[in-house]
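27 is the number of the first residue of the sequence shown in our numbering; add one for each residue after it.
Even for Gly, the Cβ is constructed at its ideal location relative to N, Cα and C.
Notes for the one structure printed next.
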Amino acid sequence: MEPHIKNSKPVRFSDQIRFRCRRCGACCRHVKGAVILECVDAYRLAKHMGIRVDQVYEEYTDPFLLDDSGYPIFALKVKGRQDECVFLDGCRCTIRPARPRVCQLYPFWVEPMDGNGGIAYHYCTECRYHSRGTLIRIKDWMNENLTEEDRMYWAEEYRTLASLAPMLREAKRRGVPVDRIQRELLFFRYYCYETDRPFMEQFRSNNRLLLVRMNHLLKQGGEPI
């Protein structure tokens with residue numbers, strides 16, 4: 027699921043903006059609850075750090091509920107008086123090669139528009155002092171910072187959520203216990219990955235299994251299966 031940033035504006039793939047990274051670390055401070063870690067991010071972090079995916083969530087994130095359906099999301103932990111990213115050391119990112127996609131794309135953020143890879147682009151306007159550099163083309167920025175795996179992930183994510191969202195609404199209507207839903211979501215959406223296997227094949231398989239499990243939950247009315 028993509029974050030929606032208030033201080034931003036829509037831009038086109040062909041647009042150009044002025045931007046220069048000052049390596050000041052400002053965009054890594056005052057970020058409590060702001061850097062959402064998606065499952066593909068956690069997988070890459072775990073692989074980079076040589077730990078299990080569930081350890082990434084347990085040690086480096088704080089959980090939140092997206093809404094009253096019980097859907098969990100995770101944000102990177104913060105530290106210090108300035109609520110800086112747990113991975114910030116002075117002005118240096120200690121996980122730069124595997125930093126979350128929201129960090130890779132800054133000062134832009136993106137959201138999938140359909141299940142065929144369509145994307146909407148947005149420009150973050152919160153740090154105005156960054157907009158004093160040379161002109162950069164959004165097309166070039168995205169080609170440099172977005173991988174083919176990212177695009178495949180978005181398409182699969184969009185298709186899965188289109189099926190999962192009505193299931194979650196129906197589960198709430200039927201009174202399925204939230205903790206039962208959360209157990210399925212946490213396992214299949216977030217934890218069930220091995221870093222020595224390709225991410226996308228596991229992501230697709232997990233999504234298929236999750237939808238099957240959710241169907242069982244709805245049929246059983248939340249009783250243990």
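Note: R118 is bridge-paired with D115 in the DSSP secondary-structure output. The beta carbon of G59 lies closer than 6 Å to those of A101 in the same chain, with the five residues before and after it left out. By DSSP's assignment, D88 forms a beta bridge with A101.
Contact check for V61 against C111 passes: the beta carbons are separated by less than 8 Å. Burial is judged here by how many other beta carbons sit within 10 angstroms of a residue's own beta carbon; C150 has at least 16 and is buried.
Within the DSSP secondary-structure output, H148 pairs in a beta bridge with P36, W135. With a cutoff of 8 Å on beta-carbon distance, E182 and N233 are scored as near each other.
Per DSSP, the beta bridge partners of R163 are Q42.
Under the DSSP assignment, K58 falls outside any alpha helix (DSSP H); it carries neither an H nor an E label. Per DSSP, the unbroken alpha helix (DSSP H) holding A191 starts and ends at 174-200. Under a 10 Å Cβ-count criterion, M240 is classified as buried, with 16 or more other Cβ atoms of the shown protein chains found around its own Cβ. With respect to the 8 Å criterion, G96 and V204 are classified as neighbours on the basis of their beta carbons.
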